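See structure below.
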Amino acid sequence: MTDVSQPINLWEYEQLAKQHLSQMAFDYYSSGAWDEITLRENRTAFEQVKLRPRMLVDVSDRNLTSSILGQPVQLPLLIAPMAFQCLAHPQGELATSLAAATAGVGMVLSTMATKSLEEVAAVGYKHNALQWFQLYIHKDRGLTRNLVERAYAAGYQALCLTVDAPILGRRERDLRNEFTLPSGLHLANIVNISGLNIPQESGESGLFTYFAQQLNPAVTWRDLEWLQSLSPLPLVLKGILRGDDAVRAVEYGAKAIVVSNHGGRQLDGAIASFDALAEIVASVDNQAEVLVDGGIRRGTDILKALAIGAKAVLIGRPVLWGLAVAGQVGVSHIISLLENELSVAMALSGCTSIKDIDSSLVTGNYLQ
55 MTDVSQPINL WEYEQLAKQH LSQMAFDYYS SGAWDEITLR ENRTAFEQVK
105 LRPRMLVDVS DRNLTSSILG QPVQLPLLIA PMAFQCLAHP QGELATSLAA
155 ATAGVGMVLS TMATKSLEEV AAVGYKHNAL QWFQLYIHKD RGLTRNLVER
205 AYAAGYQALC LTVDAPILGR RERDLRNEFT LPSGLHLANI VNISGLNIPQ
255 ESGESGLFTY FAQQLNPAVT WRDLEWLQSL SPLPLVLKGI LRGDDAVRAV
305 EYGAKAIVVS NHGGRQLDGA IASFDALAEI VASVDNQAEV LVDGGIRRGT
355 DILKALAIGA KAVLIGRPVL WGLAVAGQVG VSHIISLLEN ELSVAMALSG
405 CTSIKDIDSS LVTGNYLQ
């Protein structure tokens, strides 16, 4: 495709991405666990909440800027941590990082990236970008320590610990495809440390095998103390879906919480992220920033999430569709589409700034 302005929304990018990806890669990116109920409900949750716009407000000028953990952003948006982005485009995470940095939005880099954390950090550093590093607690604590120390040295501003994956969810499309990384791709952040990589022999999903071998299913709240002792970086917990867990997260030092069900890829039947948001916002009571991901495809979705109390949102799969179609330019266009849609939605709702967005804009009993 030569004209990347052709897609006019994120759904069209998904359809185009199918033409650029192998079936195995598309299924890996798009699938959810088991019957994919939670995957679908992440989307329908947004559709069920309606907007209550204000009228006769001067919306000639609109300001979408915000801040996340004290760092300014051009709009309240981060790119979610996603593994193996070189499956979508040879530049992978480097292209994604450049798109996020130039747009003035945040990026969370996955431990399971196919470009090194130092390479990606260097791209963002040139633009003073918001960059967090996502990690798991491995069975090998030395590996986790190494990743934290490298992330701190490279200039990442926060650690984002994924807490909803003590084991890997059963993604049947990956199992059917016997998913593994193609020859030439590897886990850039860890392969040079201990030779770890996704198994490439045929059989069950290589990713499932990796998780079973390397990630620690015995991690508890007490392990957060150890993790925070490794660096002064603020801790973000990703994967919280209950108010009581959100309270404990704050008690154990989390500065931000990402309400997330891993894109419907872990426990099928889990509550939609958007449906869990209000309880967690109320439980945290402004003691930590609350973000949300899962199912966001329109600017109106961002508006609804902010109205219920999210500080910002994370987007995942649409970024991969843009990356597959047109590399960095495609990701930049995805961000631009959402920015424009949010601006229009704010104008039509009587909001001139992010601060104007509150719970009165949505149906339901959401108290802030």
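Sequential numbering of the sequence shown, starting at 55, is according to the working numbering. C-beta atoms are modelled at their ideal positions from N, C-alpha and C, and glycine is treated no differently. Bear in mind that the values here come from a model prediction, so they are computed numbers and not experimental data.
Asked: Could you check which residue in Phe138, Ser121 and Gln125 has the C-alpha nearest to that of Leu239?; Found: Phe138
Asked: Which residue spans inside the segment 177 to 243 form an unbroken beta strand (DSSP E) run of at least 3?; Found: 185 to 189 and 212 to 216
Asked: Checking 7 Å against the spacing of the C-beta atoms, do Lys292 and Thr234 come in under that value?; Found: no
Asked: Suppose the cutoff is 8 Å on Cβ atoms and the five residues either side in sequence are ignored; what does the same chain contact list for Val301 look like?; Found: Ser337 and Val338
Asked: Can you find the residues in the same chain that come closer than 6 Å, C-beta to C-beta, to Ser256, ignoring five residues on each side of it along the sequence?; Found: Legend: pLDDT at Ser256 = 49, less than 50; position of this residue unreliable, value from coordinates given subsequently. Excluding sequence neighbours, Ser256 sits near Glu232.
Asked: Indicate whether the contact test is met: 3 or more Cβ pairs, each with one atom in the segment 161 to 176 and one in the segment 376 to 394, closer than 8 Å.; Found: no
Asked: Excluding sequence positions up to five away, which residues of its chain have a Cβ less than 6 Å from the Cβ of Asp218?; Found: Gly293, His316 and Gln320
Asked: What are the complete beta strand (DSSP E) segments, minimum 3 residues, inside the segment 79 to 142?; Found: 120 to 122, 125 to 127 and 131 to 133
Asked: Please list, in chain order, all residues of the same chain as Asp112 whose beta carbon is under 8 Å from its beta carbon, the five residues on each side excluded.; Found: Thr406
Asked: For Val202 and Gly363, what's the separation of their Cα atoms in angstroms?; Found: 30 Å
Asked: Considering only DSSP beta bridges, list what Leu345 is partnered with.; Found: Val312 and Ala366
Asked: Out of Phe80, Lys409 and Pro271, which one is the CA nearest neighbour of Leu141?; Found: Phe80
Asked: According to the neighbour-count rule (16 or more other Cβ atoms, all chains shown, within 10 Å of its Cβ), is Ser414 buried or exposed?; Found: exposed
Asked: Could you check how far apart the C-beta atoms of Asn96 and Gly349 are, in whole angstroms? I think they sit under 8 Å.; Found: 3 Å
Asked: Straight-line CA distance for Arg204 to Val313?; Found: 26 Å
Asked: His74 and Ala378 - do their beta-carbons sit closer together than 7 Å?; Found: yes
Asked: Leaving out five residues before and five after Ile122 in sequence, what residues of the same chain have Cβ atoms less than 8 Å from its Cβ?; Found: Pro130, Leu132, Gly160, Leu184, Ala310, Glu343, Leu345, Lys365 and Ala366
Asked: Mind checking Pro61: buried by the 16 CB within 10 Å criterion, or exposed?; Found: buried
Asked: Over the uninterrupted alpha helix (DSSP H) stretch that includes Leu377, give me the two end residues.; Found: Arg371 to Ser403
Asked: Give me whichever residues DSSP pairs with Ser413 in a beta bridge.; Found: DSSP output for Ser413 lists no bridge partner at all.
Asked: How far does the alpha helix (DSSP H) with Val273 in it extend, from its first residue to its last?; Found: Careful: Val273 lies outside any alpha helix (DSSP H) and carries neither H nor E.
Asked: Quick check on the burial criterion: 16 or more other C-beta atoms within 10 angstroms. Buried or exposed for Val409?; Found: This sequence places Lys at residue 409; Val is not what is there. It is exposed - the Cβ of Lys409 has fewer than 16 other Cβ atoms within 10 Å.
Asked: Using CA coordinates, which residue listed in Arg227, Tyr190, Ala176 and Ser237 is at the minimum distance from Tyr210?; Found: Ala176
Asked: Gly360 and Ile411 look like a contact to me (Cβ under 8 Å); what is the Cβ gap, rounded to whole Å?; Found: Looking at the sequence provided, one finds Leu at residue 360 rather than Gly. So it is a contact: roughly 5 Å between Cβ atoms.
Asked: Among the candidates Ala303, Leu295, Lys358 and Gly307, whose CA atom is the shortest distance from the CA of Glu333?; Found: Leu295
Asked: Kindly identify the DSSP beta-bridge partner or partners of Leu287.; Found: Paired residues: none, contrary to the question.
Asked: Taking the alpha-carbon positions, what's the Thr168 to Tyr306 distance?; Found: 31 Å
Asked: Roughly how many angstroms separate the alpha carbons of Met55 and Thr274, rounded to a whole number?; Found: For Met55, the pLDDT reaches just 44, beneath the cut-off of 50, and the residue's location in the model is therefore unreliable, although a value from the coordinates is still provided. Distance between the alpha carbons of Met55 and Thr274: 48 Å.
Asked: What residues are listed by DSSP as bridge partners for Val162?; Found: Trp186
Asked: Smallest Cα separation from Gln125: which of Ala155, Gln145, Pro135 and Met136?; Found: Ala155
Asked: With a Cβ-Cβ cutoff of 7 Å, do Arg108 and Gly384 count as a contact?; Found: no
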